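Line by line, the protein sequences are chains A and B. Its first residue numbered 0, the first sequence is counted upward by one per residue in numbering that gives the first Met the number 0. Its first residue numbered 0, the second sequence is counted upward by one per residue in numbering that gives the first Met the number 0. Glycine included, every Cβ here is placed at the ideal spot set by N, Cα and C. Computed from a predicted model, the values in this text were never measured in an experiment.
Protein chains: 2
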Amino acid sequence: MIKINKAACVGGGVIGGGWIARFLLAGIDVDVFDPHPEAGRIVGEVIANAERAYAMLTGAPLPPRGKLTFCKTLEEAVVDADWIQESVPERLDLKRNVLMEIDAACRPDALIGSSTSGLLPSDLQRDMQFPERLFVAHPYNPVYLLPLVEIVGGEKTSHATIKAAIEKLPPIGMKGVHITKEIEAFVGDRLLEALWREALWLIHDDICSVETLDDVIRYSFGLRWAQMGLFQTYRIAGGEAGMRHFLAQFGPCLAWPWTKLTDVVDLDDALVEKIGQQSDEQADGLSIRDLERIRDENLAGILQALKAGNGGQGWGAGELLKDFEHSLWAGAKQTAPADHAVPLKLVEARVSPAWVDYNGHMTEHRYLQVFGDTTDALLRLIGADLAYVEAGHSYYTVETHIRHLGEAKLGQAISSACQLLSVDDKRLHIFHTMSDAISGETLATAEQMLLHVDSKAGKSSPAAPDVLAKARAIIEAHASLPLPDGAGRHVGQKPRVETA
Amino acid sequence: MIKINKAACVGGGVIGGGWIARFLLAGIDVDVFDPHPEAGRIVGEVIANAERAYAMLTGAPLPPRGKLTFCKTLEEAVVDADWIQESVPERLDLKRNVLMEIDAACRPDALIGSSTSGLLPSDLQRDMQFPERLFVAHPYNPVYLLPLVEIVGGEKTSHATIKAAIEKLPPIGMKGVHITKEIEAFVGDRLLEALWREALWLIHDDICSVETLDDVIRYSFGLRWAQMGLFQTYRIAGGEAGMRHFLAQFGPCLAWPWTKLTDVVDLDDALVEKIGQQSDEQADGLSIRDLERIRDENLAGILQALKAGNGGQGWGAGELLKDFEHSLWAGAKQTAPADHAVPLKLVEARVSPAWVDYNGHMTEHRYLQVFGDTTDALLRLIGADLAYVEAGHSYYTVETHIRHLGEAKLGQAISSACQLLSVDDKRLHIFHTMSDAISGETLATAEQMLLHVDSKAGKSSPAAPDVLAKARAIIEAHASLPLPDGAGRHVGQKPRVETA
Numbered sequence: 000m001i002k003i004n005k006a007a008c009v010g011g012g013v014i015g016g017g018w019i020a021r022f023l024l025a026g027i028d029v030d031v032f033d034p035h036p037e038a039g040r041i042v043g044e045v046i047a048n049a050e051r052a053y054a055m056l057t058g059a060p061l062p063p064r065g066k067l068t069f070c071k072t073l074e075e076a077v078v079d080a081d082w083i084q085e086s087v088p089e090r091l092d093l094k095r096n097v098l099m100e101i102d103a104a105c106r107p108d109a110l111i112g113s114s115t116s117g118l119l120p121s122d123l124q125r126d127m128q129f130p131e132r133l134f135v136a137h138p139y140n141p142v143y144l145l146p147l148v149e150i151v152g153g154e155k156t157s158h159a160t161i162k163a164a165i166e167k168l169p170p171i172g173m174k175g176v177h178i179t180k181e182i183e184a185f186v187g188d189r190l191l192e193a194l195w196r197e198a199l200w201l202i203h204d205d206i207c208s209v210e211t212l213d214d215v216i217r218y219s220f221g222l223r224w225a226q227m228g229l230f231q232t233y234r235i236a237g238g239e240a241g242m243r244h245f246l247a248q249f250g251p252c253l254a255w256p257w258t259k260l261t262d263v264v265d266l267d268d269a270l271v272e273k274i275g276q277q278s279d280e281q282a283d284g285l286s287i288r289d290l291e292r293i294r295d296e297n298l299a300g301i302l303q304a305l306k307a308g309n310g311g312q313g314w315g316a317g318e319l320l321k322d323f324e325h326s327l328w329a330g331a332k333q334t335a336p337a338d339h340a341v342p343l344k345l346v347e348a349r350v351s352p353a354w355v356d357y358n359g360h361m362t363e364h365r366y367l368q369v370f371g372d373t374t375d376a377l378l379r380l381i382g383a384d385l386a387y388v389e390a391g392h393s394y395y396t397v398e399t400h401i402r403h404l405g406e407a408k409l410g411q412a413i414s415s416a417c418q419l420l421s422v423d424d425k426r427l428h429i430f431h432t433m434s435d436a437i438s439g440e441t442l443a444t445a446e447q448m449l450l451h452v453d454s455k456a457g458k459s460s461p462a463a464p465d466v467l468a469k470a471r472a473i474i475e476a477h478a479s480l481p482l483p484d485g486a487g488r489h490v491g492q493k494p495r496v497e498t499a
Numbered sequence: 000m001i002k003i004n005k006a007a008c009v010g011g012g013v014i015g016g017g018w019i020a021r022f023l024l025a026g027i028d029v030d031v032f033d034p035h036p037e038a039g040r041i042v043g044e045v046i047a048n049a050e051r052a053y054a055m056l057t058g059a060p061l062p063p064r065g066k067l068t069f070c071k072t073l074e075e076a077v078v079d080a081d082w083i084q085e086s087v088p089e090r091l092d093l094k095r096n097v098l099m100e101i102d103a104a105c106r107p108d109a110l111i112g113s114s115t116s117g118l119l120p121s122d123l124q125r126d127m128q129f130p131e132r133l134f135v136a137h138p139y140n141p142v143y144l145l146p147l148v149e150i151v152g153g154e155k156t157s158h159a160t161i162k163a164a165i166e167k168l169p170p171i172g173m174k175g176v177h178i179t180k181e182i183e184a185f186v187g188d189r190l191l192e193a194l195w196r197e198a199l200w201l202i203h204d205d206i207c208s209v210e211t212l213d214d215v216i217r218y219s220f221g222l223r224w225a226q227m228g229l230f231q232t233y234r235i236a237g238g239e240a241g242m243r244h245f246l247a248q249f250g251p252c253l254a255w256p257w258t259k260l261t262d263v264v265d266l267d268d269a270l271v272e273k274i275g276q277q278s279d280e281q282a283d284g285l286s287i288r289d290l291e292r293i294r295d296e297n298l299a300g301i302l303q304a305l306k307a308g309n310g311g312q313g314w315g316a317g318e319l320l321k322d323f324e325h326s327l328w329a330g331a332k333q334t335a336p337a338d339h340a341v342p343l344k345l346v347e348a349r350v351s352p353a354w355v356d357y358n359g360h361m362t363e364h365r366y367l368q369v370f371g372d373t374t375d376a377l378l379r380l381i382g383a384d385l386a387y388v389e390a391g392h393s394y395y396t397v398e399t400h401i402r403h404l405g406e407a408k409l410g411q412a413i414s415s416a417c418q419l420l421s422v423d424d425k426r427l428h429i430f431h432t433m434s435d436a437i438s439g440e441t442l443a444t445a446e447q448m449l450l451h452v453d454s455k456a457g458k459s460s461p462a463a464p465d466v467l468a469k470a471r472a473i474i475e476a477h478a479s480l481p482l483p484d485g486a487g488r489h490v491g492q493k494p495r496v497e498t499a
């Protein structure tokens, strides 16, 4: 994948902040220019939201976070960036001026994207000296979770620019969709406006409340559109005869449309107040922060669900997440803690909503999930990483013994550490301890035996010499540690202390 | 919850079939009338889809499936039903006739819902003798997974009818949303038409392809709408100032709308062919059946994700699923297999896409999930069910020993059986075996020790006498079984056969 080396963001509001978070969490340094006195606070809040969201979104190892620098001048921010994202307010004259300044200060090979949600790229690039590198890169809020970027070129934009822009988005978990012909509002906002106008009429005419309208969407076609969009959904509706049949059946309705075509609803004080009040009722005391938290949790869950879709191959935004995670795993270098004479702390996590039962307690099998992640981290540490697995070798778990000593609850910060008990050519005997990350209280332990296998031959085989060497180095460092309490014990065996 | 005792479906196409599946899987008997020669096949296919979807959707125990009867006459089908659903083709005269026939033949207290997607209930009920019981109950495809039912009354519909209709939907996993003022196409199809018309223009004008348009939806606002709909989403977009601020900021745009207002696109042969061809390309060889399978898998996953949302309380359609599952658990009576002298087969499952890794192998912690389900089923069997837990008592797992002896793969049918090893006032010692459901090959075993606790006091306590009595009866029946291979063993212990 072709990666962005350094990004610059001009404008750091909610959209600019979302871009900044995307870049930083993908390990890219970002220089920011925004003269707004509150820019630092706003960007900080978006990044905090994004970090919490990523913790729910993926268990893949994120690279070390990029470096964030607020610059005093626009020139300073853009001078050595290879992707510059403009997200200033939606006024053509302002955007043109900012883009001219960027144009004059940045590297000749830099890509310059504009976050505009409706202005034409041909208008934006009019006064630029090197207009061929300007394109619209229109994202959707929250930018750190929604993958879509509408990529639109103007008359003077080069093909090479469009191509490069689309190629550089997957490594930050995004998808560039090329809109081949420029029109105001592109595709997404056109569709949104059409539906939004009809929705305003339904509220204006008292057909339903905003809560009812939202329920109609989210209990029905919203669930369809999250995965297949409009045409693919209608293809299914057409049955075996497909799309042409669907059009023949439903086409004629358009000639006597139900929707209000020619009128534009007047957003007068009465309508604004009606919607405002119904929206307050719908929120039922939840603040915008609450709603953002809930939204991000839901989005992370939906994206994970789509990752598991299509027989585990991933579907739509979930397939993209899967590819993104694959690149994270491939790029991860598990670094060993400095002092090997203590158990290796390999996993830090927060108990996520999907992990708990009705009472907010972590479900039994999620303990094993965390221990499994610990084992995976250990394997990466000794070189049995993704490349090793793809080359046909792997460690399989053959036995696990779990003891529950405490209870992990929703939101609790937990960590998991590993002590190596023994290693031979084919076997790895390990012991994990899961603790509260703050108090250090032990919550559970897992003793595991892993067997090294040749996955093509389908049988056990000796591990590679360098993998064994790394495992043995840890065993040596761990030799002075006492055997963990609970190791080598069977289910129902009385605690050691009672037999002493 | 107020349940439907018996349902009748008049019309058994894709929509009628979806209703039939909803009723049957909720344990309700359904009488069907549909003179179409293929009705039996079509309904059978929808039910098969629904059963596969429910297996992915929920681990809660479904009641025994209702009885399906195809009737020779409409009268026979509706005569003793308390919910009658009409899903015949969308022609006013036809629907009126069918509704009059239903009206004449059914019980006086029956509810009569029409699946019409646009006709006015006042028009539908015009010729009925008891029009107060007729309402629109407009569902969305696939009816067995999408929960929404738009409930719309006509001039003569009684309040009691609307109230009863809405109350009877949650026990079949659906949500009735009351549209208070009747207009053609109600709310959902109005919104869909507005967006659909704009989409057709975008394709007509070559702004983008159907694939690009679908990508724009499913990588961005489709993900938002699956959980929050339109207004709640925009409330967040307005920031702390909320909805009124959002309207003030974006209201003026409507005065110079981007969308094509006054024109209706001409769906001529050229446009039909363009869309048909692009749709074929997008499907990339996937048949309608393939797409349905993928859609259902995704919908089940999205609904599960929303169930875990809002800090585990569930959100939107996920909260509804959670309530539905709760009612299933509460209603479940775990029935004991007839012969206790064999391990109790308590769980049958299929390895779902969400359970597997890149290579299609079941992830380690999913083995423990299946074993956890087995333990839950055992607990229900001995009376430690949901009511027992809600009354403040429960069994907690304190120790688990898992052995992996084979590999479960995507789609594989597996079963899990339990042998009781010992029981005392506070402890339950059990041993589960997971096998391939067809060959019987052992895939994994789990030995567990459970401790009975008083959850309010937060400490161990003796189980209730009737729970203990049921557990002891099983122990007695299991007394003649040999100790399972692997019981009482610790990690790394050599197999018994080698020491013999």
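Locate the beta strand (DSSP E) running through residue i, then write down its first and last residues.
i      : result
A348/A : 343 to 349
G237/A : Careful: G237/A lies outside any beta strand (DSSP E) and carries neither H nor E.
Y394/B : 392 to 403
R426/B : 426 to 435
D28/B  : 28 to 32
S121/B : Note, S121/B: premise wrong, no beta strand (DSSP E); alpha helix (DSSP H) at 120 to 123.
W195/A : Counting along the chain, W195/A falls outside any beta strand (DSSP E), though it belongs to the alpha helix (DSSP H) covering 187 to 203.
H177/B : 174 to 178
S415/B : 412 to 422
H325/A : Segment 316 to 330 is the alpha helix (DSSP H) holding H325/A; no beta strand (DSSP E) there.
In the DSSP output, which residue or residues are listed as bridge partners for residue i?
i      : result
T444/A : R402/A, T432/A
V355/A : M361/A
F134/A : G112/A, G152/A
With 16 other CB atoms within 10 Å as the buried threshold, where does residue i fall?
i      : result
E440/A : exposed
A337/A : Low local confidence applies: a pLDDT of 46 at A337/A is under 50, so the model's placement there is unreliable, with the coordinate-based value given in what follows. With fewer than 16 Cβ atoms within 10 Å of its Cβ, A337/A is classed as exposed.
G457/B : exposed
H431/B : buried
K5/B   : buried
S286/B : exposed
A341/A : One detail in the question is off: residue 341/A reads as Val in this sequence, not Ala. When all chains shown are included, V341/A counts as exposed.
P36/B  : exposed
T498/B : Summary for T498/B: the model assigns pLDDT 40, below 50, so the residue's position carries little reliability; its value from the coordinates is reported in the next sentence. Counting Cβ neighbours within 10 Å, T498/B comes out exposed, since fewer than 16 surround it.
Where do the N-terminal and C-terminal ends of the alpha helix (DSSP H) with residue i fall, by residue?
i      : result
F22/A  : 13 to 24
T160/B : 158 to 167
E503/A : Since the first and last residues shown for chain A are 0 and 499, residue 503/A lies out of range.
K2/B   : Here K2/B belongs to no alpha helix (DSSP H), and DSSP marks it neither H nor E.
P464/B : 464 to 477
Thinking residue i and residue j are a contact (beta carbons under 8 Å), I'd like their distance in whole angstroms, please.
i      : j      : result
P138/A : V148/A : 5 Å
F323/A : G487/A : Between G487/A and F323/A the Cβ distance is about 41 Å, and since that is not below 8 Å, they are no contact.
G187/B : V215/A : 5 Å
G112/A : F129/A : Rounded, the Cβ-Cβ distance is 14 Å, inconsistent with contact.
If the cut-off is 9 Å on Cβ atoms, which residues from the stretch 216 to 234 of chain A count as contacting chain B, listed in chain order? I216, R217, Y218, S219, F220, G221, L222, R223, W224, A225, Q226, M227, G228, L229, F230, Q231, T232, Y233, R234
Could you run through the stretch 21 to 35 of chain A and flag, in chain order, every residue whose CB is less than 8 Å away from some CB of chain B? none
Members of the stretch 276 to 301 of chain A near chain B, C-beta cut-off 7 Å: So the list reads S278, Q281, A282, I287, L290, E291, I293, R294, E296, N297, L298, G300, I301, given in the order they occur along the chain.
By the 9 Å beta-carbon criterion, what residues does the stretch 155 to 187 of chain A contribute toward chain B? M173, K174, V176, H177, I178, T179, K180, E181, I182, E183, A184, F185, V186, G187
Note down, in chain order, all residues in the stretch 302 to 318 of chain B with a beta-carbon under 9 Å from any beta-carbon belonging to chain A. L302, Q303, A304, L305, K306, A307, G308, N309, G310, G311, Q312, W314, G315, A316, G317
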